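Single-structure report; data block below.
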Amino acid sequence: MPQYNGEEQKAGTDKPVKKYKKESYYTPEDILEKESKDIILANFLLSWAGCYIKARGHAVYNRTLKDYVLIYCIEGRGWLELCGKRHEICSGDIFVCPPGIAHSYGSDEKEPWTKYWVHFRGIYGKEYIGRMGISEASPVLHLGENMRLVYMFQEILKVLKMGYTNSNLVLATAYLTTLLGYISHRRINNERIKTDGMNIDKVIRYMLDNLGGNLDLDQLAEYSNVSKYHFTKLFKDKTGYTPVDYYIRLKIQKACELLELSNTKVIDISIVLGYASPYYFSLTFKRIIGQSPQYYRKLHLKQEEVTV
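So the sequence shown is numbered by our numbering: it starts at 13 and just counts up by one.
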């Protein structure tokens with residue numbers, strides 16, 4: 013059930029301030045100790061989550077926890093003090109306070125923040141935070157307003173509202189894993205755009221919109237507005253594949269979908285995907301999938317019959 017945690021204080025007092033709406037779901041320590049023995053939750057476990065709305069007067073001072081604390085400010089302003097350095101927080105910022113390190117943070121008096129927050133623990137926490145590009149020296153990440161991220165926080169709160177059963181904690185932690193992975197993905201993509209001037213997701217969408225064509229490296233580099241060499245290097249660094257190879261794999265992925273979900277003939281699928289030669293299409297399909305298109309369809313039809 014919702015918890016009032018008593019950590020909202022004004023400087024120089026120990027009296028809680030209740031001037032704002034809040035939602036908070038805390039899992040007792042004995043439950044966390046028990047659930048941390050679960051094979052799924054042993055290395056990563058959500059322990060606390062909530063949302064504070066226009067939280068004027070909210071602050072914590074010199075607090076040290078065993079959990080990571082991640083906060084997403086979606087409105088207003090605030091501040092963070094960590095490792096002797098003060099950071100100004102604005103709408104769209106995410107910041108993290110690591111375990112075992114004293115930290116202070118609070119809401120701006122004139123523009124009080126609205127924030128979502130989570131506490132989590134486990135050895136995977138450090139890895140997730142590292143992938144987000146956050147460290148003790150650089151604890152703030154500006155992600156901007158993102159409704160998908162807000163939705164993920166809300167889904168976590170919906171689950172925790174139902175109580176701290178094992179299944180609820182597993183599901184809430186799974187949502188948290190998705191949330192942190194999404195933050196990491198957005199951060200990497202934003203950094204690419206900022207530092208390299210190229211939006212790889214936009215290029216991939218361009219490929220998907222042209223699966224029936226025959227885009228080459230010159231066309232893809234021109235679309236991305238960078239040199240062929242720079243484009244190829246950046247794309248491979250991000251995806252693990254050269255641009256043309258990735259484009260071909262998207263075509264074959266679409267071919268698999270058509271083979272499984274339609275009765276379209278192989279020769280027609282090859283035409284739809286821009287292959288002038290059905291023979292070359294079949295060779296390419298087998299090189300990537302390890303099976304001919306005909307065998308792939310036959311195999312999946314058998315699996316569907318068994319499933320039904």
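C-beta: ideal position from N, C-alpha, C; glycine also.
The model shown is predicted, which means the values in this text are computed figures rather than measured ones.
| field | Host alpha helix (DSSP H) of ALA233 (start-end) | value | Within the sequence shown, the letter at position 221 stands for residue 233. 229-236 is the extent of the alpha helix (DSSP H) around ALA233.
| Pairing CB atoms from the region 32-43 with CB atoms from the region 99-110, are three or more of them under 8 Å? | no
| Three-state secondary structure assigned by DSSP to ALA71 | Locating residue 71 in the sequence shown gives position 59, where the first residue counts as 1. Reduced to three states, the DSSP call for ALA71 is strand.
| said: Helix, strand or coil for LEU9? Go by DSSP, reduced to three states. | reply: The chain is shown from 13 up to 320; residue 9 falls before or after that span and cannot be answered.
| Quick one, are the C-beta atoms of MET164 and THR190 less than 8 Å apart? | For the purposes of this step, residue 164 is taken as residue 152 along the sequence shown, with counting starting at 1. For the purposes of this step, residue 190 is taken as residue 178 along the sequence shown, with counting starting at 1. Yes, the pair counts as a contact, with Cβ atoms nearer than the cut-off.
| task | Report, in whole angstroms, the separation of the C-beta atoms of VAL152 and LEU92, which I expect to be a contact under 8 Å. | result | Here the question's residue 152 lines up with position 140 in the sequence shown. Here the question's residue 92 lines up with position 80 in the sequence shown. Indeed they touch by this definition, with Cβ atoms about 7 Å apart.
| query | How far does the alpha helix (DSSP H) with GLY137 in it reach, from first residue to last? | reply | Stepping through the sequence shown from its first residue, residue 137 is reached at position 125. First-last of the alpha helix (DSSP H) with GLY137: 135-143.
| Taking Cβ positions, are LEU57 and PHE132 nearer each other than 8 Å? | Residue numbering aside, residue 57 sits at position 45 when the sequence shown is read from its first letter. Residue numbering aside, residue 132 sits at position 120 when the sequence shown is read from its first letter. Closer than 8 Å, so yes.
| field | Boundaries (first-last residue) of the beta strand (DSSP E) holding LYS122 | value | What you label residue 122 is simply residue 110 of the sequence shown in a count that begins at 1. It is not in any beta strand (DSSP E) - LYS122 carries neither H nor E in the DSSP assignment.
| query | Is THR207 helix, strand or coil by DSSP? | reply | On the sequence shown, position 195 is the one that residue 207 refers to. For THR207, the pLDDT reaches just 47, beneath the cut-off of 50, and the residue's location in the model is therefore unreliable, although a value from the coordinates is still provided. Here THR207 sits in helix by DSSP.
| query | DSSP three-state call for GLY193: helix, strand or coil? | reply | As a first step, residue 193 must be located in the sequence shown, where it is residue number 181. DSSP places GLY193 in helix when its eight states are reduced to three.
| query | What is the DSSP secondary structure of ILE113, reduced to helix, strand or coil? | reply | Locating residue 113 in the sequence shown gives position 101, counting from the first residue. Coil at ILE113, not helix or strand.
| task | Look up GLN303 in the DSSP assignment and say whether it is helix, strand or coil. | result | Numbered from 1 along the sequence shown, position 291 holds the residue referred to as residue 303. Three-state result, GLN303: coil.
| request: Compute the beta-carbon to beta-carbon distance between ASN180 and LEU172, rounded to the nearest angstrom, for a pair I have assumed lies under 8 Å. | output: Looking up residue 180 in the sequence shown gives position 168. Looking up residue 172 in the sequence shown gives position 160. Contact flag correct, Cβ pair sits at about 7 Å.
| field | CA nearest to the CA of ARG143, picked from LEU192, GLU123, HIS154 | value | What you label residue 143 is simply residue 131 of the sequence shown in a count that begins at 1. Nearest C-alpha to ARG143: LEU192.
| Roughly how many angstroms lie between the CA atoms of SER274 and SER294, to the nearest whole one? | Taking the sequence shown and counting its residues from 1, one reaches residue 274 at position 262. Taking the sequence shown and counting its residues from 1, one reaches residue 294 at position 282. The alpha-carbon atoms of SER274 and SER294 are separated by roughly 17 Å.
| request: Can you check the region 232-276 for any alpha helix (DSSP H) of at least 4 residues that lies completely inside it and give the ranges in chain order? | output: 240-251, 255-273
| field | Run of the beta strand (DSSP E) containing TYR37, from where it starts to where it stops | value | The residue labelled residue 37 in the question sits at position 25 within the sequence shown. From DSSP, the beta strand (DSSP E) with TYR37 extends over 33-38.
| request: Please determine, among PRO124, ARG198, TRP129, TYR287, the residue with the shortest C-alpha to C-alpha distance to GLY88. | output: Position 76 of the sequence shown holds residue 88. Of the listed residues, the one whose Cα sits closest to GLY88 is PRO124.
| What residues in its chain sit with their C-beta under 6 Å from that of HIS312, if we drop five residues either side in the sequence? | The residue labelled residue 312 in the question sits at position 300 within the sequence shown. Excluding residues within five positions, the ones whose Cβ falls inside 6 Å are GLU272.
| query | Among all the DSSP beta bridges, which residues are the ones paired with LYS97? | reply | Against the sequence shown, residue 97 aligns to sequence position 85. Answer by DSSP bridge pairing, in chain order: LEU94.
| What is the DSSP secondary structure of SER294, reduced to helix, strand or coil? | Start at 1 with the first residue of the sequence shown, and residue 294 comes out as number 282. Of the three classes helix, strand and coil, the one that applies to SER294 here is helix, per DSSP.
| said: On the DSSP bridge list, what partners appear for LEU172? | reply: Here residue 172 corresponds to residue number 160 of the sequence shown, with the count starting at 1. DSSP lists no partner for LEU172.
| field | Three-state class that DSSP yields for ILE86 in the structure shown | value | In the sequence shown, counting from the first residue as 1, residue 86 sits at position 74. If DSSP states are grouped into helix, strand and coil, ILE86 belongs with the strands.
| field | Status (buried if at least 16 other CB within 10 Å, exposed otherwise) for CYS109 | value | For the purposes of this step, residue 109 is taken as residue 97 along the sequence shown, with counting starting at 1. By the neighbour-count rule (16 or more Cβ atoms within 10 Å), CYS109 is buried.
| query | Do TYR80 and ILE135 come within 8 Å of each other at the CB atom, strictly closer than that value? | reply | Stepping through the sequence shown from its first residue, residue 135 is reached at position 123. Stepping through the sequence shown from its first residue, residue 80 is reached at position 68. It is not a contact, given that the beta carbons lie outside the stated cut-off.
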